[in-house]
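Before any comments, here is the structure.
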Amino acid sequence: MEQPLDRIDQKILRLLQSDGRMGNAEIAKRVNVSPATCHRRIQRLFDDGYISSVRAMIDPKKVERGALVMLGVVLDRSTPESFAEFENACRKLPFILDCHLVAGDFDYFLKIRVSDMANFNHLHGDQLIALPGIRQTRTFFVMKEVVDNAPLAF
Numbered sequence: 004m005e006q007p008l009d010r011i012d013q014k015i016l017r018l019l020q021s022d023g024r025m026g027n028a029e030i031a032k033r034v035n036v037s038p039a040t041c042h043r044r045i046q047r048l049f050d051d052g053y054i055s056s057v058r059a060m061i062d063p064k065k066v067e068r069g070a071l072v073m074l075g076v077v078l079d080r081s082t083p084e085s086f087a088e089f090e091n092a093c094r095k096l097p098f099i100l101d102c103h104l105v106a107g108d109f110d111y112f113l114k115i116r117v118s119d120m121a122n123f124n125h126l127h128g129d130q131l132i133a134l135p136g137i138r139q140t141r142t143f144f145v146m147k148e149v150v151d152n153a154p155l156a157f
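Under this note's numbering, the first residue of the sequence shown carries the number 4, and numbering increases by one thereafter.
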């Protein structure tokens, strides 16, 4: 049975958000519990789904993906089937980092990382406009990333 978060659990989550490589002993010290207790709590946070995964954040510029593009997409039909087909196709494209169903003028917003505008132009012409059900796209090249992937506040 899932237990509600107490202040120690919240502190553990904040510490792990700030540094996912922080070791159990250091976390235990900072939250003032034994290492064994800390390990059990972290395991429970995983088991209960509070922590979904742990991964390294790669500097996009170091791997030639320094250009960030947001793509607004409008589908030609608003049916569960057309949404599902579009979403399944997006999951197969490794350059799409995020795909969000949104309310408003667009159906979806895609977050895409590429090396440069020419690389995006190639992907757009060959793969993006071939996604199923697309009626219209609008491209936004990000000029400056002010806040990206900030830790959740709670």
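All residues carry an ideal CB built from backbone N, CA and C; glycine is no exception.
Boundaries of the alpha helix (DSSP H) in which residue i is found, first to last residue
i, result
"PHE49", "38-50"
"PHE89", "83-94"
"ARG116", "No alpha helix (DSSP H) holds ARG116; the beta strand (DSSP E) holding it covers 111-117."
"ILE132", "That residue, ILE132, is in no alpha helix (DSSP H); it is neither H nor E in DSSP."
"VAL34", "27-34"
Collapsed DSSP secondary structure at residue i in the structure displayed
i, result
"ILE11", "helix"
"PHE157", "coil"
"SER21", "helix"
"ASN152", "coil"
For residue i, the residue or residues it bridges with in DSSP
i, result
"GLN139", "VAL77"
"ALA70", "VAL117"
"PHE144", "VAL72"
Cut-off 6 Å between Cβ atoms - residues of its own chain near residue i, not counting five sequence neighbours on either side
i, result
"ILE54", "LEU48"
"ASP119", "ALA70"
"CYS246", "As displayed, the chain neither begins before 4 nor continues past 157, which places residue 246 out of reach and without an answer."
"VAL145", "LEU71"
"PRO63", "GLY69 and ARG116"
"LEU113", "LEU74, ILE99 and CYS102"
Residue i: first and last residue of the uninterrupted beta strand (DSSP E) it sits in
i, result
"PHE99", "Here residue 99 is Ile; the residue named in the question, Phe, does not match the sequence. From DSSP, the beta strand (DSSP E) with ILE99 extends over 99-104."
Sequence-distant residues of the same chain with beta carbon closer than 7 Å to residue i, five excluded per side
i, result
"VAL34", "ILE11, LYS14, ILE15 and CYS41"
"LEU18", "MET25, ILE30 and ARG33"
"VAL77", "PHE109, ASP110, ARG138 and GLN139"
"LEU148", "One point to set straight first is that residue 148 is Glu, not Leu, in the sequence displayed. Hits under 7 Å: LEU71."
Spatial neighbours of residue i in its chain, beta-carbon cut-off 8 Å, leaving aside the 5 residues before and after
i, result
"ASP79", "SER85, GLY136, ILE137 and ARG138"
"GLN20", "PRO154 and LEU155"
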